[in-house]
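> Just passing along the structure, written as structure tokens.
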Amino acid sequence: MNTIKKIKNSTNQFAINWARFVIKNKWYVFVSAVLLTIALGLQGAMKFDGDYHVFFSKSNPELEAFDALQDKYTKDDNVILVLSPKNKNVFTQENLTAIEELTEEAWNTPYSSRVDAITNFQHTKAENDDLYVDDLLYDSGNKSDSEMEAIRGIALTEPMLVNRIINEEGSVTAVNITVRLPGEDSALEVPEVMNYVREMVDKFREKYPQFEIHTSGMVPLTTAFFEASMKDMALTGIMLLIVILTTFILTRSFQSTLATLLVVLFSMISAVGFVGIIGVKLTPPSSVFPTMILTLAVADSIHILITMLQKIRKEGMDKYGALIESMRLNFMPVFITSLTTVIGFLTMNFGDVPPFWDLGNIVAFGMTMAFLYSTTALPALMAILPFKRVDKKVSSKTSRFNFDWYTGFSSLVIKQPITVTVISLAIIVGLTYLSTKNSFNDEFINYFDQTVQFRSDTDYISDNLTGVYNVEYSIGSGESGGINNPNYLNKLNEFENWLYEQPEVIHVNAFSEVARRINRSMHGDDEAYYKIPNSREEAAQYLLLYELSLPFGLDLNNQINVDKSESRVTVTVKNLDSPSMIAFAKRGEDWLRNNAPEYMHAIGVSPMLMFSKLGFRQADSMFTGNIIALVLISLVLMLALRNFKLGLLSLVPNVAPVLVGFGIWALYKAQINTGMVIVFGMTLGIIVDDTVHFMSKFLRARREYGYSPHRAVEYAFQTVGKALVTTTIVLLSGFAVLSTSSFALNSYMARITVVIIIAALIIDFVLLPAVLILSSPIKKAKRKYTSILFYR
Amino acid sequence: MKNVLFTVVLSLALYTVSQAQDRGLEIAKAAEKADLGFKSLTSDLKMVLRNKNGQVSERALEVRTLELVEDGDKSLIVFSSPKDVKGTSTLTYTHKVGPDDQWLYLPSIKRVKRISSNNKSGPFVGSEFAYEDLSSQEVEKYTYKFLKEENNHLVVEQYPVDPKSGYTRRVVTYNKGAGYRIETIEFYDRKNALLKTLTYSDYKLYKNKFWRAAKLNMVNHQSKKETLLEFLNYDFDMNLTDDDFTQNALKRS
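The listed protein sequences correspond, in order, to chains H and G.
Just add 1284 to wherever you are in the first sequence, counting from 1, and you've got the working numbering.
Just add 113 to wherever you are in the second sequence, counting from 1, and you've got the working numbering.
As structure tokens, then:
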């Protein structure tokens, strides 16, 4: 007991000495803080990375498999331009001339390696013993109507084109530009491509107003990621306004508002410096760090300032005295809550998604700095700024109003602790059950909401032309040159046919189709020969002939490997959610395993599949992180409250809000994405503050004043009720700002955090007091040691 | 007065341009002349394809060329490996003006097929060489601009006449001190970005007149793939004639 008193006294003494030191050296302290901020800020560098690869750690097996496939064939990204003529018929002289021109122009796109369009499709035809492989269409301006009709007939029956480059009705067509980015600096290369494409499209629109144009593809996706980062970064401005406004309303003091603003700005600038020092590039998830830091850092200042102002306004203390008293009361709580928040954010490092490591580390650093500035620059500045004494009456009136309100509320809980507990637990259990009904969905197109051009254009494309998601298999033949072996080709053909039978499939691009097509052409375009050649020699020699006839950029290197031992099957599928996507790819793998020789077994890969598995992977890896966060934070709580039982009990109000949050989410969307996996650790560090405040007040009433549990709950309500509501409002506004993000990894994360924070407050006000009453012995508690946490 | 000055400047500029064009053409002609009279030539060729990860694939071919003066050369290429295309052969008549004629013999169906020769910018059997890089280099197929002279090396920019070419230009380095033999060629794609570099090495002088490189290495800077051509034995004494370059000869080969 003595040691505990010593700790209590020593922490008190430490805070008092600290405050005195800061006040005495106020100018030095403040200038040092400014200098530190400047020094860190100068290191700052904000670079953005929009490449979707950033979402995957180096060791991600899906990424490795996909990269291996791209290395085998060609590594390429694309821009797809979808053209819809107003007359709903692509095959008119005017429209085709325009498409031909655009295709020609598209070849000039920086880093382009290939352009696929209806006009330059390499059409194979036989005339006696001559084989012609040529553009399906050139010189459209001089083609007659009957020729146009013939071309329409070819195009709309060509499996390589339908549902990929042209729709079945012939009313919508695409120009697909493949680019091979050097990958040295995507921040430069991608805009180079996009600027060219946008300018080209603008000119085309002006010249040929009869077309509606939509743009999608991997390069626009990267651009959309870039732009999402920038946009979310811009939310910082709104948050800053909210910080100023809330602080002013809560403190009604210009000086306090200025001091708070400086503290949060210093913290934010320091975090920007940290970004520069560790040299990370910002991505959509990590680009929300300024808003998060603003939101979380403002709470520290508000605690210190409100106590100080109350001491001045209500108790009529002088400025320095109030400041020292406020520091004495708040130093430990601010330290503990900062610590739990930092722990919460650092656990993001356990995950498998690098952007969230960055977010966690940057915010953790920012919060550490916020603690430092709140306990140095803030008191120093308050000591420097002049203060007028405010009339006592005004503030006591408002506090009386609050007093009544919170007392009224507490009496509800106190009267019926058992009923309240049972009802609350029933609701929590019900929602927990519901929370298991959520399923992962990381359709990356849906990361962007409908206000984003990329999303609406991509939706248009999947509604009108082709799928935007695919799965790829690299299928081996077991020997060099083996792709010409009829056994291999026939099995590949079977796989192609099986794929077409699957309801999810829109288009299949397989080498077996090329083999069939050439065989037909070699036999005078006889449909009966639209099948795999009979012998390996035939197939190999036809392929040789065909390859000799292809023009620049339209070769088969994207489909067969150098050694001609493997070929690539690209399956375009409908928009599927993540579990269906994973199940579909698996079905393909299983078919190969059950029906084909071992060397033909392959695993499905694609960016879409990588994203589909990302949520599960993140959840698995975050599991440990969350347990560690829970254990650490509970330990901190036990130490802070100096009570093992209450520390354990605190698990209920800390874990329940997350379960409730996901339960309500199941009623709202029922689909969760990778961004929401981090929510548990993150919100735990934030909402634990409420519990700490409430429980410590309860304990203080029991231990120091010897109150009964009922009275202690009432006391807790009266003393911290308002503070909890106000910090919750600040947190809510911060995450509400983030929830307006057009990027779902951020907006969903923010939305569920809003739900969790509200749930946390309700649980702390309803369930926690009821449980505290029920679990406390009725006998009057002895005056015992008290918490090391001192609140007003 | 202003107009006069303008005219003088313009004509000077035009003069320099046309001078560079003349000099470029001169060098191309000198190179052609230096190699004139080899009559016919055979060689075994090993083609090594290498992708960015170092995976390798090989092809073996036999090349026969017949020199023609009034029109472009004739050539016959026979595939010896991989096994499934063994005996497949192509016959090409290059023309100084207009598209070349090309036939392919397929032993599996014992038929000769004529290939539409509009497309000659595509890769030759999956390699980094386009058909147009391998076909006979006739002076008439390009227009020229002389760039610079360094030591014995003359650098000339060449612009393909054929609109279906895969290139906007090539930058060719000739060695004046060694029979105007070509040392390197840089290829620029249709958007005028550097696409490939071809380096000739292990040159040997045959019959005291004809320089032939044993190795041609083509590096694609965009796909990071490479193809090495190794000419194993040049033979200038086969005395081939027109009869060895007919469709019948194609079937026999």
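Yeah, the Cβ is synthetic: ideal placement off N, Cα and C, and Gly gets one too.
Within a Cβ cutoff of 6 angstroms, which residues of the same chain sit near alanine 1299(H), ignoring the five residues on either side of it in sequence?
Excluding positions up to five away in sequence, the list reads Met1611, Arg1612 and Phe1615.
> Quick one: which residues of the segment 148-167 of chain G get their C-beta closer than 9 angstroms to a C-beta of chain H? List them in chain order.
Leu162, Arg163, Asn164, Lys165 and Asn166
> For threonine 1541(H) and phenylalanine 1532(H), I'd like the C-alpha separation in whole angstroms.
5 angstroms
> Using the Cα positions of tryptophan 324(G) and tyrosine 257(G), report the straight-line distance between them to the nearest angstrom.
23 angstroms
> Around the Cβ of alanine 1458(H), are there at least 16 other Cβ atoms within 10 angstroms (buried) or fewer (exposed)?
buried
> Comparing C-alpha positions only, which one of Ser1819(H), Phe1550(H), Ala1323(H) and Leu1519(H) sits nearest to proline 1568(H)?
Closest by alpha carbon: Leu1519(H).
> So which residues of chain G does asparagine 1392(H) contact, with C-beta pairs closer than 9 angstroms?
Arg303, Lys304 and Asn305
> Is the beta carbon of tyrosine 293(G) less than 8 angstroms from the beta carbon of tyrosine 301(G)?
Their beta carbons are not under 8 angstroms apart, which means tyrosine 293(G) does not touch tyrosine 301(G) by this criterion.
> Could you check whether the Cβ of aspartate 197(G) sits closer than 8 angstroms to any Cβ belonging to chain H?
yes
> For serine 1695(H), collect the residues of the same chain with a Cβ closer than 8 angstroms to its Cβ; drop the 5 residues on either side in sequence, then sort them by chain order.
Glu1998
> DSSP beta-bridge partners for valine 1399(H)?
Ile1461(H)
> Excluding the five sequence neighbours on either side, which residues of its own chain have a C-beta within less than 7 angstroms of the C-beta of arginine 136(G), listed in chain order?
The answer, listed in chain order, is Phe259.
> Any chance the CB of valine 285(G) is under 7 angstroms from a heavy atom of the ligand ZN?
Summarising the ligand content, the structure contains no ligands, and the ligand ZN is consequently not present.
> Name the residue from Lys1370(H), Gln2002(H), Asn1404(H) and Val1846(H) whose alpha carbon lies nearest to the alpha carbon of serine 1455(H).
Lys1370(H)
> Would you call threonine 1682(H) buried or exposed, if buried means 16 or more other Cβ atoms sit within 10 Å of its Cβ?
In this predicted model, threonine 1682(H) has a pLDDT of only 46, less than 50, meaning its place in the structure is not dependable; the value taken from the coordinates is given anyway. Counting Cβ neighbours within 10 Å, threonine 1682(H) comes out exposed, since fewer than 16 surround it.
> Could you round the C-beta distance between asparagine 2078(H) and aspartate 197(G) to whole angstroms and report it? I think they count as a contact, below 8 angstroms.
Chain H is shown only over 1285 to 2076; residue 2078(H) falls outside these bounds and no answer can be derived.
> Mark proline 1993(H) as exposed unless 16 or more other C-beta atoms lie within 10 angstroms of its C-beta, in which case mark it buried.
buried
> For phenylalanine 1836(H), decide whether its Cβ has a neighbour in chain G, counting only Cβ atoms nearer than 8 angstroms.
Yes, contact with chain G.
> Let me know the secondary structure DSSP gives methionine 331(G) once reduced to three states.
Three-state result, methionine 331(G): strand.
> Do you know whose CA, among Gly1328(H), Ile1438(H), Pro1466(H) and Asp1335(H), lies nearest proline 1394(H)'s CA?
The candidate whose alpha carbon is nearest that of proline 1394(H) is Pro1466(H).
> Distance cutoff 8 angstroms, beta carbons only. Does valine 1944(H) sit that close to anything in chain G?
no
> Which of the three DSSP states, helix, strand or coil, is assigned to asparagine 1296(H)?
helix
> Check whether the Cβ of serine 248(G) lies closer than 8 angstroms to any Cβ atom in chain H.
no
> Short of 7 angstroms in beta carbon distance, which residues of its chain neighbour serine 2023(H), apart from the five on each side in sequence? Order them along the chain.
Here the set comprises Ser2031, Ala2034, Arg2035 and Val2038.
> For leucine 311(G), write down the residues that DSSP places opposite it in a beta bridge.
In the DSSP output, where bridge partners are listed per residue, leucine 311(G) has Ile298(G) and Met331(G).
> In this structure, what does DSSP give as the bridge partners for asparagine 1754(H)?
Thr1856(H)
> Determine the direct distance from the alpha carbon of aspartate 1400(H) to that of tyrosine 1772(H), and round the result to whole angstroms.
27 angstroms
> Got a sec, what are the start and stop residues for the alpha helix (DSSP H) asparagine 1371(H) sits in?
No alpha helix (DSSP H) contains asparagine 1371(H), which DSSP labels as neither H nor E.
> Taking all protein chains shown into account, decide if alanine 1867(H) is buried (16 or more other Cβ within 10 angstroms of its Cβ) or exposed.
exposed
> Taking C-beta pairs closer than 9 angstroms, name the residues in chain H that leucine 219(G) reaches, listed in chain order.
Met1806, Glu1821, Glu1822, Gln1825, Tyr1826, Leu1828 and Leu1829
> Just the Cα atoms here: how many angstroms apart are alanine 1664(H) and glycine 1650(H)?
20 angstroms
> Hey, quick one: how far does the beta strand (DSSP E) through tryptophan 216(G) stretch, first residue to last?
214-219
> Could you round the C-beta distance between serine 240(G) and leucine 162(G) to whole angstroms and report it? I think they count as a contact, below 8 angstroms.
5 angstroms
> Using the Cα positions of threonine 2011(H) and threonine 1705(H), report the straight-line distance between them to the nearest angstrom.
25 angstroms
> By how many angstroms is the C-alpha of lysine 1598(H) removed from the C-alpha of lysine 1677(H)?
Confidence at lysine 1677(H) is low in this model, with a pLDDT of 45, below 50, so the placement of that residue should be treated as unreliable; the coordinate-derived value is given next. Each residue's alpha carbon lies about 8 angstroms from the other.
> Compare the C-alpha of leucine 341(G) against each of Asp213(G), Phe349(G), Asn330(G) and Lys209(G) and name the closest.
Asn330(G)
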